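**Q** Going by this note's numbering, the sequence shown opens with residue 662, and the numbers climb by one from there.
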Amino acid sequence: MQRKYIGSISSVEGAEVTLVLDAAVAGEVRLGEMVVLPSPRSMVFGLVQALEMPSPAAGESGLRLARLALLGESLGPETDAFSFTRGVSVSPCLGGPARLAASQDLARIYAKPAKSSVLIGSLHQDAEVPAFMVVDDFLGKHFAVLGTTGSGKSCTVAVLLRSVLSAHPSGHIVLLDPHDEYASAFGDMAESVTPDNLALPYWLLDFEEMVQVFCSGEQPYREVEANILKECVLAAKAEYWRGAGGDEAGLTIDTPTPYRLARVTELLKIGMGRLDKPESSVPYLRLTARLDALRRDRRFSFMFGQLTIEDNMAAVLSRYLRLPAGGRPLTIFNLAGVPAEIVDVVVSVLCRLIFDFALWAERGRGVPVLLVCEEAHRYVPRDTAAAFGPTRRALSRIAKEGRKYGVSLGLVTQRPSEISETVLSQVNTLVSLRMSNEQDQLFVRRAMPENAAGLLAALPALRTQEAVVVGEGVPVPMRIRLRDLDENERPRSDTARFSAVWSAPCNDTGFIGDTIDRWRRQVR
662 MQRKYIGSIS
672 SVEGAEVTLV
682 LDAAVAGEVR
692 LGEMVVLPSP
702 RSMVFGLVQA
712 LEMPSPAAGE
722 SGLRLARLAL
732 LGESLGPETD
742 AFSFTRGVSV
752 SPCLGGPARL
762 AASQDLARIY
772 AKPAKSSVLI
782 GSLHQDAEVP
792 AFMVVDDFLG
802 KHFAVLGTTG
812 SGKSCTVAVL
822 LRSVLSAHPS
832 GHIVLLDPHD
842 EYASAFGDMA
852 ESVTPDNLAL
862 PYWLLDFEEM
872 VQVFCSGEQP
882 YREVEANILK
892 ECVLAAKAEY
902 WRGAGGDEAG
912 LTIDTPTPYR
922 LARVTELLKI
932 GMGRLDKPES
942 SVPYLRLTAR
952 LDALRRDRRF
962 SFMFGQLTIE
972 DNMAAVLSRY
982 LRLPAGGRPL
992 TIFNLAGVPA
1002 EIVDVVVSVL
1012 CRLIFDFALW
1022 AERGRGVPVL
1032 LVCEEAHRYV
1042 PRDTAAAFGP
1052 TRRALSRIAK
1062 EGRKYGVSLG
1072 LVTQRPSEIS
1082 ETVLSQVNTL
1092 VSLRMSNEQD
1102 QLFVRRAMPE
1112 NAAGLLAALP
1122 ALRTQEAVVV
1132 GEGVPVPMRI
1142 RLRDLDENER
1152 PRSDTARFSA
1162 VWSAPCNDTG
1172 FIGDTIDRWR
1182 RQVR
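#1: To the nearest angstrom, how far is the alpha carbon of residue 1107 from that of residue 986?
#2: Just to confirm my understanding: we take residue 715, look at its own chain, exclude 5 residues before and 5 after, and list those with CB closer than 6 Å. What are they?
#3: Is the region 1057 to 1069 in contact with the region 794 to 810, if contact means three or more CB pairs nearer than 8 Å?
#4: Would you call the CB atoms of residue 1098 and residue 809 closer than 9 Å?
#5: Within the same chain, show all residues whose beta-carbon is closer than 6 Å to that of residue 1007, passing over the 5 residues directly before and after it, in chain order.
#6: On the three-state DSSP scale, how would you describe residue 662?
#7: With a CB to CB cut of under 7 Å and the five nearest residues on each side skipped, what residues in its chain are close to residue 1079?
#8: Determine the direct distance from the alpha carbon of residue 882 to that of residue 818, and round the result to whole angstroms.
#9: Only counting the same chain, and skipping five residues up and downstream in sequence, which positions put a Cβ closer than 7 Å to that of residue 700?
#10: Run through DSSP, which three-state label would residue 944 get?
#11: Does DSSP put residue 1175 in a helix, a strand or coil?
#12: Going along the chain, which unbroken runs of the beta strand (DSSP E) with 3 or more residues stay wholly within the region 687 to 754?
#13: Checking 9 Å against the spacing of the C-beta atoms, do residue 734 and residue 706 come in under that value?
#14: Starting from the Cα of residue 1040, find the closest Cα among 826, 1060 and 686 and give me that residue.
#15: Quick one: measure Cβ to Cβ for residue 807 and residue 1105, integer angstroms, because I've assumed they're closer than 8 Å.
#16: Could you give the distance in angstroms between the alpha-carbon of residue 777 and the alpha-carbon of residue 1162?
#17: Should residue 807 be listed as close to the ligand HEM, given that the test is whether its C-beta is under 8 Å from any heavy atom?
#18: Residue 1102 to residue 945, Cα distance in whole Å?
#19: Mind checking residue 969: buried by the 16 CB within 10 Å criterion, or exposed?
#20: Thinking C-beta only, is residue 1048 closer than 9 Å to residue 1013?
#21: In whole angstroms, give me the CA-to-CA distance for residue 703 and residue 760.
#22: Out of 1148, 679, 712 and 780, point me to the one whose CA is closest to residue 689's CA.
#23: If you reduce the DSSP assignment to three classes, tell me which class residue 1015 lands in.
#24: Can we say the region 973 to 988 touches the region 856 to 865, given the rule of at least three CB pairs closer than 8 Å?
#25: If residue 782 and residue 772 are in contact, beta carbons under 8 Å, what's the gap, nearest whole angstrom?
#26: Would you mind stating whether residue 732 and residue 708 have Cβ atoms separated by less than 9 Å?
#27: Strictly by DSSP, which residues pair up with residue 834?
#28: What number of angstroms, rounded off, separates the C-alpha of residue 1122 from the C-alpha of residue 745?
#29: So, for residue 912: in the same chain, excluding its five sequence neighbours on each side, which residues have a beta-carbon less than 8 Å away from its beta-carbon?
#30: If you follow the alpha helix (DSSP H) that residue 875 is in, where does it begin and where does it stop?
#31: Measuring alpha carbon to alpha carbon, tell me which of 1131, 1150, 1096 and 950 ends up nearest residue 1124.
#32: Distance check for residue 1094 and residue 1100, CA to CA, integer angstroms please.
#33: Which residues in the same chain have their Cβ closer than 6 Å to the Cβ of residue 666, if we skip the five residues on either side of it in sequence?
#34: Please specify which runs of the alpha helix (DSSP H), each continuous and at least 4 residues long, are wholly inside the region 1040 to 1082, giving them in chain order.
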């Protein structure tokens, strides 16, 4: 085994060690390198997180220092058959030697874990050493994929999900796709749900979501409309429930049970007829007009277009949660064509249904579900005023309580500094891609463990397809190169090629009429 000694230990402070480098080999030590600190009692391993020359004017005679963040150890003297464990129980001694880790060392440190794991790439330090992800810890304790636009977030998500599903073809994953990127990446492996085949009955809305969709007035009129709506919807639910032979004892405005929207309209008109003053009928008229507009607008047909009312909640959940998977363990919700004024409500309903289904399932009979949320900063922003309350609460609830009930959360965002700190603090594995914004770097630094601080210095310089992965989902914090994807496995998220398209005149204008037609028909 190659053993290249690079210097000796000059200080030990907690989980940080400073080395005085040998001038002859100092130029071979780089940020992110793994260093071994051997002693008669243990082998301690650390990552180079900073390099320094305190007195540059001294030239070749000046000190060259390296600061290490300690990762783990192998108890016992230095041998070829060491066993790596995270954490350090025997601290290295002053004056002790240091050497660069050889390929054999890296292969043992980053060896395939005994737990269920999948290959996601290779180490940055040595392309021959594979990088593995521990499936249960990665999924069961939430994860986040962070990186600036163009850093490869979509491809990273595709690599991670494909790696998991290749090993576990009966999975249950729901992916919220706001830009129609992922359907092309998973092909027959996924059930693609578009506005054309989306079915999300209006009676699945809870009260807050109803108010968002049905009430068009501003405060204080909105509150008046909401109270009227609540009374009419609850009465319509009770009538339907009685007709179906149900017990009304536990029925509430939030109970997901069918009711007839036409009956709600009738009850609004009955209520309006009882009024003495004409001006008091304004909220009733607003609600009636809004309900009629929603039922006529084909953009909302996925929610209001059913000709008959039936209790198809089991079929909806079975389809979207892939129960059974039927060879398609992934559901991709293409939200690009969903009307902007209702997309937050759709996300809220989906997140809430996933959590509530897991919550109410009898222990031992439910199945774990992974919810992957693209553009997560839109739904759980740091600024609470910028979020739709029910969506934010639904995702926050999954982040805080989901693991107890088998619901895991994957957050994907290009602006980690704009996402809720409360939600991100629940994430136990971070996959960080290139990140140049200083605020985003600072935010990620606070979320990362101390012994991964050295890896953060590389974030602005990461190449496409490279990532820093830290947390419970990997055996040791590491910088990796993600594995390659075939052309048909890549998301449709390429940047427009301005130089190529603008170099030749556009003679084909037939797409203009086609685009307008698709626009008018709301078909992507």
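Glycine is no exception: its CB is placed at the ideal position from the N, C-alpha and C atoms. Predicted model, so just to flag it, every value in this text is computed and none were measured.
**A** Put simply:
#1: Computed Cα separation, rounded: 38 Å.
#2: If we look at residue 715 and ignore the five residues flanking it on each side, its Cβ neighbours are 724.
#3: The region 794 to 810 and the region 1057 to 1069 touch, with three or more beta-carbon pairs separated by less than 8 Å.
#4: Yes, Cβ-Cβ distance for residue 1098 and residue 809 is below 9 Å.
#5: Closer than 6 Å at Cβ, skipping near neighbours: 999.
#6: Caution is warranted here: a pLDDT of 46 is assigned to residue 662, below 50, making its placement in the model unreliable, and the coordinate value is therefore given only provisionally. When DSSP states are grouped into helix, strand and coil, residue 662 belongs to the coil group.
#7: So the qualifying residues of the chain are 1038, 1042 and 1043.
#8: Cα to Cα, the separation comes out at about 44 Å.
#9: Short of 7 Å from the beta carbon of residue 700, and not among the five residues preceding or following it, lie these beta carbons of its own chain, in chain order: 753, 754 and 757.
#10: Residue state, collapsed to three classes: helix.
#11: Of the three classes helix, strand and coil, the one that applies to residue 1175 here is helix, per DSSP.
#12: 695 to 699, 703 to 713 and 726 to 736, all fully within the region 687 to 754.
#13: Contact check for residue 734 against residue 706 passes: the beta carbons are separated by less than 9 Å.
#14: Minimum Cα distance to residue 1040 is reached at 1060.
#15: Their Cβ separation, rounded to whole angstroms, is 6 Å, which keeps residue 807 and residue 1105 in contact under 8 Å.
#16: Rounded to whole angstroms, residue 777 to residue 1162 spans 47 Å at the Cα level.
#17: The ligand HEM is not part of this structure, which contains no ligands at all.
#18: When rounded, the distance between both Cα atoms is 51 Å.
#19: Under this definition residue 969 is an exposed residue.
#20: Result no, Cβ atoms of residue 1013 and residue 1048 do not sit closer than 9 Å.
#21: When rounded, the distance between both Cα atoms is 14 Å.
#22: Nearest of 1148, 679, 712 and 780 to residue 689, Cα basis: 712.
#23: In the structure shown, the three-state DSSP call for residue 1015 is helix.
#24: Cβ pair count under 8 Å is three or more, so yes.
#25: Between residue 782 and residue 772, the beta carbon gap of about 15 Å keeps them out of contact (Cβ cut-off 8 Å).
#26: Yes, these two residues count as a Cβ contact at 9 Å.
#27: Per DSSP, the beta-bridge partners of residue 834 are 991 and 1031.
#28: The C-alpha of residue 1122 lies about 29 Å from the C-alpha of residue 745.
#29: Counting only residues of its own chain and dropping the five nearest sequence neighbours on each side, residue 912 has a CB closer than 8 Å to the CB of 895, 898, 899, 902 and 918.
#30: Element bounds for residue 875: 868 to 875.
#31: When the alpha-carbon of residue 1124 is set against those of 1131, 1150, 1096 and 950, the nearest one is in 1096.
#32: So the alpha carbons of these two residues sit roughly 15 Å apart.
#33: Taken in chain order, the residues that qualify are 758 and 760.
#34: If one requires a minimum length of 4 residues, the alpha helix (DSSP H) runs lying completely within the region 1040 to 1082 are 1050 to 1066, in chain order.
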